[in-house]
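Colleague: Numbering (UniProt numbering), first residue to last: 1 to 127.
Quick reminder that beta carbons are idealized off the backbone N, C-alpha and C, glycines included.
These numbers come from a predicted model, not from an experiment.
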């Protein structure tokens, strides 16, 4: 599917996700599947990148027996609502078990508004 053929709605996706987990900010309760999909909060721009002091976590029983703990491929908005959250996703990307790739290509004015990360992000997205 070409990027120009991709359509987006705040409440739906333009494809049948099947058994794919949807991870989306501000996900509608009409499409959210409890215990399956992930609703990502929009973080404040001053949210810390790392958590508390060492020893803060009492146990680490998170089930991470899969190859990828988190995978996200989507559009990164270089301006507007939600842009700060998506612009921060590259901090989580480690190319091993946390794979988060974004593209700046969307809309008509993306080239005029692109930032210093767009070329690198677009190349990683297309890889």
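Cα-Cα, which of 26, 114 and 105 is closest to residue 75?
Modeller: 105
Colleague: Beta-carbon within less than 8 Å of residue 70's beta-carbon, same chain only, minus the 5 sequence neighbours each way: which residues are those?
Modeller: 23, 92, 97, 98, 99 and 100
Colleague: Can you say whether residue 126 is buried or exposed, counting buried as having 16 or more other CB atoms within 10 angstroms of its CB?
Modeller: exposed
Colleague: Go ahead and pull the three-state DSSP assignment for residue 98.
Modeller: strand
Colleague: Would you mind reading off the limits of the alpha helix (DSSP H) that contains residue 73?
Modeller: It is not in any alpha helix (DSSP H) - residue 73 instead sits in the beta strand (DSSP E) that spans 70-75.
Colleague: Bridge partners for residue 39 per DSSP, in chain order?
Modeller: For residue 39, which the question treats as bridged, DSSP gives the partners 24.
Colleague: With C-beta atoms as the reference, is residue 102 less than 9 Å away from residue 89?
Modeller: Yes, the Cβ-Cβ distance between residue 102 and residue 89 is below 9 Å.
Colleague: Assuming residue 39 and residue 32 make a contact with CB atoms under 8 Å, what is their CB distance in whole Å?
Modeller: 6 Å
Colleague: From residue 122 to residue 73, what does the alpha carbon distance come to, in whole angstroms?
Modeller: 11 Å
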